[in-house]
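Data block below; observations after.
In our numbering, the protein residues as written are 4 to 250.
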């Protein structure tokens with residue numbers, strides 16, 4: 004990815020977390036990476052080839068996308084919607100076969116939502132929809148998985164499941180780029196973190212180097228400190244004001 008005088012390389016087997024304030028350009032950057040929006044300057048290369056030169060099927064084989072929000076308009080079953088991720092591997096007008104259905108079933112089981120397989124997608128909760136979209140991306144088996152705030156509508160348990168699956172994707176050799184509003188997620192599962200501030204990269208480094216009180220306070224406009232919480236060196240981000248002004 005090339006932005007304003009900066010270049011970012013994404014590598015197989017790594018997780019990159021994108022952090023930034025509301026309106027800071029995270030979703031725009033992800034959509035540009037996916038080819039959904041044209042870059043205002045610079046360009047995007049995939050294996051040294053400009054992304055704009057790749058056809059739709061090649062892009063789908065390379066890039067899977069989990070959007071921040073998705074409103075289903077037709078009551079496809081959850082299983083059928085996940086199976087749509089297999090379209091990148093099928094000839095034009097071909098229907099998914101047993102092998103594709105099996106991969107969809109496996110993705111649903113991995114995320115603990117196999118029991119939703121025959122439910123209409125339009126009838127499941129917002130958090131469940133997010134897990135279904137992630138299952139679709141898993142079934143797509145693309146080299147790069149891009150997730151726009153994948154944990155935004157999930158409870159704490161499902162957040163952990165999603166972060167665990169993000170690490171599993173990287174362990175399988177895929178590159179994962181995800182945005183979040185929670186810097187603790189970067190400490191939990193990211194190899195590198197990119198801090199996006201006013202349309203520019205404030206930092207790009209491992210979380211332990213990029214995330215500190217100074218960079219996070221600049222990023223979000225409030226006083227933040229980073230603390231080590233146990234002997235394993237795990238870190239968390241906290242507001243510098245202990246009681247947030249409450250009596």
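Note that the Cβ used here is the ideal one computed from N, Cα and C, for glycine as well.
Around residue 141, the same chain offers 110 as residues with beta carbons nearer than 6 Å, after the five sequence neighbours per side are excluded. Boundaries of the alpha helix (DSSP H) harbouring residue 103: 101-113, taken from the DSSP string.
Residues of the same chain with a CB within less than 6 Å of the CB of residue 33, apart from the 5 flanking positions on each side, are 149, 151 in chain order.
Residue 210 sits away from residue 234, with the two beta carbons spaced by 9 Å or more. Listed in chain order, the non-local C-beta contacts of residue 67 below 6 Å within the same chain comprise 140, 143, 145, 148, local neighbours out to five positions each way being set aside. Classified as exposed, residue 118 has fewer than 16 neighbouring CB atoms from the shown chains inside 10 Å of its CB.
Around the beta carbon of residue 131, a 10 Å sphere encloses 16 or more other beta carbons of the protein chains shown; the residue is thus reported as buried.
Within a 10 Å sphere around the beta-carbon of residue 162 sit 16 or more other beta-carbons, which makes this residue buried. By the Cβ-count criterion, residue 100 is exposed, with fewer than 16 other Cβ atoms from all chains shown falling within 10 Å of its own Cβ. Around the CB of residue 103, 16 or more other CB atoms lie within 10 Å, so the residue is classed as buried. Straight-line spacing of the CA atoms in residue 223 and residue 190 works out to 17 Å.
In this structure, DSSP gives residue 203 an extended state, which the three-state scheme calls strand.
Nearest C-alpha to residue 94 among 244, 80, 107, 59: 59. Within the DSSP secondary-structure output, residue 227 pairs in a beta bridge with 242. Here the segment 16-26 does not lie against the segment 36-53, with fewer than 3 beta-carbon pairs under 8 Å apart. In the DSSP assignment, residue 208 is bridged to 196.
Sorting 200, 231, 244 by C-alpha distance to the C-alpha of residue 26 places 200 at the top.
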